[in-house]
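S.K.: In UniProt numbering, the protein residues as written are 1 to 286.
All C-beta atoms, glycine included, are put in the ideal place defined by N, C-alpha and C.
For clarity, every value in this text was computed on a predicted model and none was experimentally measured.
Okay, structure coming up:
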């Protein structure tokens with residue numbers, strides 16, 4: 001469970017069931033707070049969605065979770081390792097990360113198979129003249145899991161946006177990570193691409209052998225089935241956090257996005273949101 005303000009002082013306690021354990025964590029730049037202070041705990045079998053408007057602090061939170069940023073204050077323990085007292089390069093190999101920043105670094109002529117396989121060597125793009133058979137097998141498995149096995153011999157520059165997103169997630173899964181971080185995987189996708197991605201992520205979320213997953217998005221429609229928890233952020237602060245059914249509500253999203261938002265949930269568990277127009281009939285909201 002997540003608390004929005006620091007509540008514990010003993011930062012040395014280790015809970016082996018937690019992949020993320022933030023206590024009073026805050027990230028500041030130039031005297032301004034980007035996110036926090038906040039407490040946040042993620043267990044091994046949980047799937048979290050981080051939701052909020054632009055500038056809410058979602059990417060800053062993910063950068064701390066990915067061990068790419070040290071907290072300005074408070075404590076960040078990731079996969080049992082305390083930031084500031086561990087070798088971060090080694091820690092990062094245990095984390096699968098898919099992000100827009102990573103996508104922007106990939107050359108257009110890079111082959112999909114090399115993009116995925118090279119994750120196992122902590123590099124981006126072809127690193128060896130010849131890879132082991134086990135590398136090719138693992139890459140084929142992760143591409144298949146994302147419905148992208150047919151893209152193996154294609155180059156990055158020929159892929160659609162939806163195909164690129166699925167290749168990036170395949171790469172993130174290549175190392176069999178203990179935690180998977182997905183920073184806005186649905187950004188820029190059309191309806192078909194979004195629904196294909198959401199379906200694949202639902203399969204992953206519902207797999208009991210899958211790692212803990214944290215997904216960042218702006219849209220409740222991008223939350224796959226199988227996600228268990230949610231955190232809402234606005235202006236760097238937590239507005240709601242906990243079990244997903246308790247968090248993704250009209251009241252909470254109205255407060256978070258500063259708009260009169262109506263949330264509805266379909267029979268299959270998917271969420272949908274729209275802005276309410278005063279004076280018009282509307283269905284019962286959550």
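Going along the chain, which residues of its own chain have a beta-carbon closer than 7 Å to the beta-carbon of residue 44, five neighbours each way excluded?
M.R.: In the chain shown, the residue the question calls residue 44 occupies position 44. 17, 19, 212, listed in sequence order.
S.K.: As an exercise, report each continuous beta strand (DSSP E) stretch of at least 3 residues that is fully enclosed by the segment 131-203, in chain order.
M.R.: If we require 3 residues or more, the beta strand (DSSP E) runs fully inside the segment 131-203 come out as 179-183.
S.K.: Ends of the alpha helix (DSSP H) at residue 254?
M.R.: The residue you call residue 254 lines up with position 254 of the chain shown. Residues 250-257.
S.K.: Secondary structure at residue 65, three-state DSSP: helix, strand or coil?
M.R.: Numbered from its first residue, the chain shown carries residue 65 at position 65. If DSSP states are grouped into helix, strand and coil, residue 65 belongs with the helices.
S.K.: Exposed or buried, what is residue 74 when buried is set at 16 or more other beta-carbons lying within 10 Å of its beta-carbon?
M.R.: Taking the first residue of the chain shown as 1, we reach residue 74 at position 74. Counting Cβ neighbours within 10 Å, residue 74 comes out buried, since at least 16 surround it.
S.K.: Which residue marks the beginning of the alpha helix (DSSP H) containing residue 116, and which one marks its end?
M.R.: To locate residue 116, count along the chain shown from 1; it is residue 116. Note, residue 116: alpha helix (DSSP H), 112-117.
S.K.: Excluding five sequence neighbours on each side, which residues of the same chain lie with their C-beta closer than 8 Å to the C-beta of residue 26?
M.R.: As a position in the chain shown, residue 26 is number 26, starting the count at 1. Here the set comprises 33, 35, 36, 37, 38, 71, 72, 73, 74.
S.K.: Is residue 2 helix, strand or coil by DSSP?
M.R.: Taking the chain shown and counting its residues from 1, one reaches residue 2 at position 2. Low confidence applies to residue 2: its pLDDT is 44, below 50, so where it sits in the model is not reliable enough to give any reading.
S.K.: Return the CA-CA distance between residue 6 and residue 24, expressed in angstroms with no decimal places.
M.R.: Here residue 6 is taken as the residue at index 6 of the chain shown, counted from 1. Here residue 24 is taken as the residue at index 24 of the chain shown, counted from 1. Its pLDDT being 40, under 50, residue 6 is placed unreliably by the model, and the measurement read from it follows with that caveat. Each residue's alpha carbon lies about 4 Å from the other.
S.K.: Quick check: the Cα distance between residue 239 and residue 220, rounded to an integer number of angstroms?
M.R.: By one-based count along the chain shown, residue 239 stands at place 239. By one-based count along the chain shown, residue 220 stands at place 220. When rounded, the distance between both Cα atoms is 16 Å.
S.K.: Quick check on residue 36: does DSSP put it in helix, strand or coil?
M.R.: Counting from 1 along the chain shown, the entry for residue 36 is found at position 36. Three-state DSSP puts residue 36 in a strand.
S.K.: Skipping 5 residues on each side, what residues in its chain have a beta carbon closer than 7 Å to that of residue 58?
M.R.: To locate residue 58, count along the chain shown from 1; it is residue 58. So the qualifying residues of the chain are 50, 52, 216, 233.
S.K.: Mind checking whether residue 64 and residue 183 have CB atoms under 9 Å apart?
M.R.: Along the chain shown, one-based indexing puts residue 64 at 64. Along the chain shown, one-based indexing puts residue 183 at 183. No.
S.K.: Pull up the DSSP beta-bridge partners for residue 229, would you.
M.R.: By 1-based counting over the chain shown, the position of residue 229 is 229. DSSP output for residue 229 lists 48, 243 as bridge partner(s).
S.K.: Where DSSP assigns a beta bridge to residue 75, which residues make up the other side?
M.R.: Indexing the chain shown from 1 puts residue 75 at position 75. According to DSSP, residue 75 bridges with 23.
S.K.: When the Cα atoms are used, what is the spatial distance from residue 356 to residue 77?
M.R.: Absent from the structure is residue 356, since the part of the chain shown begins at 1 and ends at 286.
S.K.: For residue 103, does the three-state DSSP call read helix, strand or coil?
M.R.: Position 103 of the chain shown, counted from the start, is the residue given in the question as residue 103. In the structure shown, residue 103 sits in a helix (DSSP, three-state: H, G or I).
S.K.: Tell me whether the beta-carbon of residue 229 lies closer than 9 Å to the beta-carbon of residue 206.
M.R.: In the chain shown, counting from the first residue as 1, residue 229 sits at position 229. In the chain shown, counting from the first residue as 1, residue 206 sits at position 206. For residue 229 and residue 206, no; Cβs fall outside 9 Å.
S.K.: Expressed to the nearest angstrom, what Euclidean distance is found between the alpha-carbon atoms of residue 100 and residue 195?
M.R.: Here the question's residue 100 lines up with position 100 in the chain shown. Here the question's residue 195 lines up with position 195 in the chain shown. Each residue's Cα considered, the two are about 19 Å apart.
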